[in-house]
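Single-structure report; data block below.
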Amino acid sequence: MSNSAGGDVSATSSSRSATRGIVLGAFLKPAGEYLAGWRHPGAPADAGVNLPFVTGLVKRLERAGFDALFLPDLVGVPDADPEVLSRVAVVNDAFEPTTLLGALSTRTTSLGLIASVSSTYSSPAAVAATFASLDRLSSGRAGWNLVTSLNDAEARNFGLDSHIGHAERYARAEAFVDEVLGRWARDELPGGRPVIAQAGSSGPGQALAARVADLVFTRTLPLDQAVAYAEGLRATAAGLGRDPHAIKILPELPTVVAATRAEAEDRFAAVRDLLHPRVALGDLEYWLGGVDLSAFPLDGPLPETPPGNKSLGARAEIYEQAARDGLTIGDLAKQVAGGDGAIIGTAADVADHVEALVSAGAADGFNVSFPFLPDTLDAFCELVVPELRRRGLVTESPAPAPGARPLTLRARLGLA
Ligand SMILES: Cc1cc2nc3c(=O)[nH]c(=O)nc-3n(C[C@H](O)[C@H](O)[C@H](O)COP(=O)(O)O)c2cc1C
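In this note's numbering, the protein residues as written are 469 to 884.
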């Protein structure tokens, strides 16, 4: 099994410290998380805007026992070489997430519905009203993933020349979320109030999460870094007077699973061969903050580049990965663009990884992502979820009494 983020996880202990079920979220990009995923022969060409296809995926997640759906969003098409943009599907063709959740609220009954909305390019009144409405439509299953946005193209859609600076957008996010919470507190909502998720990994991002987040979404990190992150976040939350275990930490979990490791490797290799080298390099340039690496050889080391004004957390992780694994630009681009630490193996391999992070206190659950669809989602539901249940890591949600409403998302997550 390969796992570029966590090394060999197949040797981890199988001790079980989890007595309660973990949280299972699904981070869904219908065209596939992997940049070449949309080219998989099984993927519909219009996956991102195909409501029957998306509904089918979401119903499968609900039937399998997932707790919540997480939808990403960008509010502009990133500045990138048109050659790259013409070869990706992820950012260009997708429903706006809150309207999609409105449609899904009537097609699902128990799944939490969480959408990303930017505190940089929206208003607190709009966010409060949208999610209050979604909470009613879904009988208390709504959640807001507070993001601060990523690029200049987004800023230009809102009448600015460039993306607001990192410190300023987090200062704005802090005030923004307080206003949203204040508005919800004056409103009676089925779920008490919508769940708040946060995914910033820089210092200010973690500080915001420690203060207000119910769920924290993290990238895949090596075990020691994941533990350090979780301990740091919980200590900051406790310092602010919060119950540190009221924050559920969900690392991303991309997987390609099959009955055998060889079969899983083959499935992934078939899609990896569809990744265009220019797309891979473009993705690396984007996550480094919009740099131009075209003058550097692909088989050479990653040079120092200016920090840019995007996700400083993501950028730092890429430099760490390059130094740790001694990667060339070309290899790094393939890894960053290639699902970023996907576990490629059997259901037991994934369950071992899950168990290791949960036992070490680094995760309360996972945001499962799907390199290509529908294959990797079907395989997770059919193979991995039963294995997690067998190990007691995933438990059945308590069934509502006959005639009673399904659990709200807060109740389902065990949040106050
Ligand atoms: C797993 C993950 C998913 C994210 N999804 C989105 C998204 O859909 N839209 C967005 O604008 N930002 C997204 N972000 C970015 C963060 O929410 C955050 O605004 C950004 O990383 C900058 O903060 P940082 O410097 O603290 O990392 C995501 C981050 C992570 C780690």
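Just so it is clear, CB atoms sit at the ideal spot from N, CA and C, and this is done for glycine as well. None of these values were measured; they are calculated from a predicted model.
- In the three-state scheme derived from DSSP, where H, G and I count as helix and E and B as strand, Lys-802 is classed as helix.
- Here Thr-704 carries a helix assignment [DSSP, helix/strand/coil].
- Assigned with DSSP and collapsed to three states, Lys-716 falls in strand.
- The beta carbons of Gln-666 and Leu-743 sit about 30 angstroms from each other, so the pair does not count as a contact at 8 angstroms.
- Counting only residues of its own chain and dropping the five nearest sequence neighbours on each side, Asn-777 has a CB closer than 7 angstroms to the CB of His-631, Gly-633, His-634 and Gly-757.
- Taking the Cα of Val-556 as reference, the smallest distance to any Cα among Asp-541, Thr-523, Leu-525 and Tyr-502 is reached at Tyr-502.
- For Arg-878, the shortest C-beta to heavy atom distance toward ligand 1 is 7 angstroms or greater.
- The Cβ atoms of Leu-496 and Val-663 lie no closer than 8 angstroms to each other.
- For the 8 angstroms CB-CB criterion, Ile-715 and Asp-682 form a contact.
- With three or more CB-CB distances shorter than 8 angstroms, the region 584-601 counts as touching the region 636-656.
- For Phe-685, the shortest C-beta to heavy atom distance toward ligand 1 is below 7 angstroms.
- In this structure His-713 is exposed. Its beta-carbon is surrounded by fewer than 16 other beta-carbon atoms within 10 angstroms.
- DSSP places Gly-781 in the helix class (H, G or I) of the three-state scheme.
- For Gly-781, the CB falls within less than 7 angstroms of some heavy atom of ligand 1.
- Judged by beta-carbon spacing, Arg-609 lies beyond the 8 angstroms limit of Gly-570, meaning their Cβ atoms are not closer than that value.
- At least one heavy atom of ligand 1 sits closer than 7 angstroms to the Cβ of Val-615.
- Here Asp-843 is buried. Its C-beta has 16 or more other C-beta atoms within 10 Å.
- Apart from the 5 residues on each side of it in sequence, Ile-582 sits with its Cβ closer than 6 angstroms to the Cβ of Ala-536, Phe-538, Gly-611, Asn-613 and Ala-665 in its chain, given in chain order.
- Collapsing the DSSP output to three states places Gly-544 in coil.
- According to the DSSP assignment, Ser-554 belongs to no beta strand (DSSP E), since it is labelled neither H nor E.
- In this chain, the beta strand (DSSP E) harbouring Trp-612 covers 610-615.
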